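This report refers to the structure that appears directly beneath it.
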Amino acid sequence: MTTASAPKTGRHAILEQFLADGMTHMFGNPGTVEQGFLDALSDYPDFKYILTLQESVAVMAADGYARATKRPTLVQIHSTPGLGNAIGALYQAKRGHAPLVVIGADSGVKYFGMDAQMAGDLVAFAEPVTKYSTCVYDPASLLRVLRRAIKIAATPPMGPVYVCLPMDILDAPVSEEVFPTFIPSTRVAPEPELVNEAARRLAAAERPMLFIGDGIAYARAQAELTHVAELLGAEVWEANNGELNMDTTHPLYQGATGHMFGAQSLPITRKGDVNLVCGTYMLPEVFPELGDIFAPGAQVIHFDLDGYEIAKNHRVTLGAVADPKLSLAALAEALERTLNPAQRAAAQARSQAIGAAKAARIAEQKAKDAASRADLPLHMARFMEELAPRLPEDAVIFDEALTNSPPITRYFPPRRPEHYFLTRGGSLGLGFPGAIGLKLAHPDKLVIGFSGDGGCMYTIQALWTAARHKLNVKFVVCNNLSYRLLQLNIQAYWQERDIAPRPYPLSFDLSHPPLDFVKMAEALGIAATRVERPEQIVPAIERMLNSPTSFLIDLALENDTHPELIGVRCGQ
Numbered sequence: 044m045t046t047a048s049a050p051k052t053g054r055h056a057i058l059e060q061f062l063a064d065g066m067t068h069m070f071g072n073p074g075t076v077e078q079g080f081l082d083a084l085s086d087y088p089d090f091k092y093i094l095t096l097q098e099s100v101a102v103m104a105a106d107g108y109a110r111a112t113k114r115p116t117l118v119q120i121h122s123t124p125g126l127g128n129a130i131g132a133l134y135q136a137k138r139g140h141a142p143l144v145v146i147g148a149d150s151g152v153k154y155f156g157m158d159a160q161m162a163g164d165l166v167a168f169a170e171p172v173t174k175y176s177t178c179v180y181d182p183a184s185l186l187r188v189l190r191r192a193i194k195i196a197a198t199p200p201m202g203p204v205y206v207c208l209p210m211d212i213l214d215a216p217v218s219e220e221v222f223p224t225f226i227p228s229t230r231v232a233p234e235p236e237l238v239n240e241a242a243r244r245l246a247a248a249e250r251p252m253l254f255i256g257d258g259i260a261y262a263r264a265q266a267e268l269t270h271v272a273e274l275l276g277a278e279v280w281e282a283n284n285g286e287l288n289m290d291t292t293h294p295l296y297q298g299a300t301g302h303m304f305g306a307q308s309l310p311i312t313r314k315g316d317v318n319l320v321c322g323t324y325m326l327p328e329v330f331p332e333l334g335d336i337f338a339p340g341a342q343v344i345h346f347d348l349d350g351y352e353i354a355k356n357h358r359v360t361l362g363a364v365a366d367p368k369l370s371l372a373a374l375a376e377a378l379e380r381t382l383n384p385a386q387r388a389a390a391q392a393r394s395q396a397i398g399a400a401k402a403a404r405i406a407e408q409k410a411k412d413a414a415s416r417a418d419l420p421l422h423m424a425r426f427m428e429e430l431a432p433r434l435p436e437d438a439v440i441f442d443e444a445l446t447n448s449p450p451i452t453r454y455f456p457p458r459r460p461e462h463y464f465l466t467r468g469g470s471l472g473l474g475f476p477g478a479i480g481l482k483l484a485h486p487d488k489l490v491i492g493f494s495g496d497g498g499c500m501y502t503i504q505a506l507w508t509a510a511r512h513k514l515n516v517k518f519v520v521c522n523n524l525s526y527r528l529l530q531l532n533i534q535a536y537w538q539e540r541d542i543a544p545r546p547y548p549l550s551f552d553l554s555h556p557p558l559d560f561v562k563m564a565e566a567l568g569i570a571a572t573r574v575e576r577p578e579q580i581v582p583a584i585e586r587m588l589n590s591p592t593s594f595l596i597d598l599a600l601e602n603d604t605h606p607e608l609i610g611v612r613c614g615q
């Protein structure tokens, strides 16, 4: 560390600042210009450096850890090439509001005018994919700038920040005091008059609808949300969700509006006569509806801590920049005072009808699952039928199964906050690194990461990190030999343009040469097995769950692929 004759330098001071802020894990991939403070890590035994083999893995593992802890999480990446590698993962973190504090070094301020090797405008690189991006130019402001960045990352709406720390700044003496970063409270309630007016409009609704997002989970407002939904007898739909915002077994919970096509969500958003939006925006889709998404004359009430998202794209009748938990609690109290007996009876009748319809849909889907139980290749539902009853209730899931996600939640429905995490933001490859982050946050719980064969190949080297740090994470590859989501999306493309169905583009086909996930896992230090037939399912699950170390199942699933055409038509 430092001695009386050697003043503290920046490379030690930043580590003490991070520890003062409760940051004990640094997810990273080392580089030459970061070697000074990485060398200093050995002086701080409370710090755990989680070594990854590529920057995107570091960011995505940190994303999982930040989502599990709801706290600022430290990421170290290399300079220009390393930041470039991390851009897609940072975009994912920004869209998902993960409070990542990303630091990267540079050779030194004194070299900025040289256009030297690895020179680049790092602040400009990071700006589009972060909430705040900056560089430290003077050692007298080193800790001040870090505390500012940490505060920005952790203040709702949370998001990643980037701080460039030039090597000569970190080598210079530091006189600043180390003290914890102050995070201001955002527990702000809406005005009572506005809440009472919202309650009056919702109480009078014949078909109230609730649209929610991860602002609920970050505010820990699940109980308040459920109370409001039950008082109103309203369907609850998620939008921009990756957390557990409501017990998914609740009769009023209906699922997600979708993330791709506005035409698919439009029948949902046009159901209601009074719509309550909380902790999200309308609507997070790749191809959103450009016109009015609500029914003619419908009213829209919106509470969120992010004022930018309120009325960003669609009309709002009443709205407030306010904490979701306090807003929903106040709204529930106002509804209790406002609802008359006839309105309460109508809400109860709606709840019963909504619940009965949901139960019928689930029963119908499980009947379809039963009809395909003996099919080969396997269906995901067949695997989940066996896995779900063998899992402890507090198992933690990171779900990047995408097209195979519905069977996961159908047979192991998420019920506990902080125990189910869904990929969000659009980047592939989050499932396995995210599960590693969850395991570091929950070392005593069973953690399973689900990913597709295409998705997990973006970050397959994450398995090595799990093995190196002896994390005992379970991984499942939902292997349908393709980018299945693209196959489904192009069907919508054909339909919209009156194009007759035709073979899928071979660029969506991953069947040849085959990806051998068992060999890849073993090469990266992880035991693995492949499942192709029903009788192999239970032995593989038991082997995975009983393994004292990380384990991977390569699950061969039904697919629509044509390996015989690869090399014949792939160059079309």
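Residue numbers for the sequence shown follow the working numbering, beginning at 44 and rising by one.
Backbone N, C-alpha and C fix where the C-beta goes; we use that ideal spot for every residue, glycine too.
Keep in mind the model is a prediction, meaning the values are calculated, not measured.
Contact check, residue i vs residue j, beta carbons under 8 Å
| i | j | result |
| --- | --- | --- |
| Asp214 | Gly53 | yes |
| Val221 | Leu186 | yes |
| Ala338 | Asp366 | no |
| Phe493 | Ala570 | no |
| Leu558 | Asp603 | no |
| Phe518 | Ala484 | no |
| Val520 | Asp442 | no |
| Ala266 | Leu374 | no |
| Thr292 | Arg458 | yes |
| Thr116 | Leu143 | yes |
Continuous beta strand (DSSP E) stretch holding residue i: start and end
| i | result |
| --- | --- |
| Asp603 | That residue, Asp603, is in no beta strand (DSSP E); it is neither H nor E in DSSP. |
| Met69 | 68-71 |
| Leu361 | 361-364 |
| Asn318 | 317-321 |
| Pro209 | 204-209 |
Cut-off 6 Å between Cβ atoms - residues of its own chain near residue i, not counting five sequence neighbours on either side
| i | result |
| --- | --- |
| Asp349 | Pro200 |
| Val320 | Phe254, His345 |
| Ala101 | Phe70, Gly71, Asn72, Thr95, Val118 |
| Ala104 | Phe70, Pro476, Ile479, Gly480 |
| Leu529 | Phe551 |
| Leu595 | Phe518, Ala564, Ile569, Ala571 |
Sequence-distant residues of the same chain with beta carbon closer than 7 Å to residue i, five excluded per side
| i | result |
| --- | --- |
| Leu608 | Leu549 |
| Ala159 | Ser150 |
| Phe80 | Arg54, Ile57, Leu58, Leu213 |
| Ala63 | Val221, Phe222, Pro223 |
| Asn284 | Gly256, Asp257, Ala299, Leu465 |
| Pro226 | One point to set straight first is that residue 226 is Ile, not Pro, in the sequence displayed. Answer for Ile226: Lys194, Ala197, Thr198, listed in chain order. |
| Trp507 | Leu96, Leu567, Gly568 |
| Pro294 | Ser394, Ile397, Gly398, Lys401 |
| Leu361 | Leu237, Glu240, Ala241, Ile344 |
Limits of the unbroken alpha helix (DSSP H) element including residue i
| i | result |
| --- | --- |
| Ala264 | Here Ala264 belongs to no alpha helix (DSSP H), and DSSP marks it neither H nor E. |
| Glu585 | 577-589 |
| Thr381 | 367-381 |
| Thr508 | 505-511 |
| Phe346 | It is not in any alpha helix (DSSP H) - Phe346 instead sits in the beta strand (DSSP E) that spans 342-347. |
| Thr123 | 123-138 |
| Ser308 | 305-312 |
| Val144 | Element bounds for Val144: not the alpha helix (DSSP H) but the beta strand (DSSP E), 143-149. |
| Lys401 | 384-414 |
| Asp82 | 78-83 |
Own chain, CB closer than 8 Å to residue i, minus 5 neighbours either side, in chain order
| i | result |
| --- | --- |
| Glu585 | Arg433 |
| Glu429 | Ile580, Val581, Ile584 |
| Asn239 | Ala377, Thr381 |
| Arg618 | Since the first residue of the chain shown is 44 and the last is 615, residue 618 is not available in this structure. |
Buried or exposed (CB count within 10 angstroms, at least 16 for buried), residue i
| i | result |
| --- | --- |
| Lys513 | exposed |
| Ile93 | buried |
| Ile542 | exposed |
| Met210 | buried |
| Gly156 | exposed |
| Asp386 | At residue 386 the sequence reads Gln, which differs from the Asp that was named. So Gln386 counts as buried. |
| Trp537 | exposed |
| Ala406 | exposed |
| Lys368 | buried |
| Pro546 | exposed |
| Ser415 | exposed |
| Asn383 | exposed |
| Asn356 | exposed |
| Thr592 | exposed |
| Val329 | exposed |
Contact test: residue i Cβ vs the ligand HEM heavy atom, cutoff 7 Å
| i | result |
| --- | --- |
| Cys178 | Of the ligands one can find in the structure shown there are none, so the ligand HEM has no counterpart to examine. |
So, does the segment 435-451 touch the segment 412-427, judging by three or more C-beta pairs under 8 Å? yes
Count the CB pairs spanning the segment 257-271 and the segment 286-303 that are closer than 8 Å, and state whether there are at least three. yes
May I ask you to verify whether the segment 133-141 touches the segment 460-474, counting CB pairs closer than 8 Å and requiring at least 3? yes
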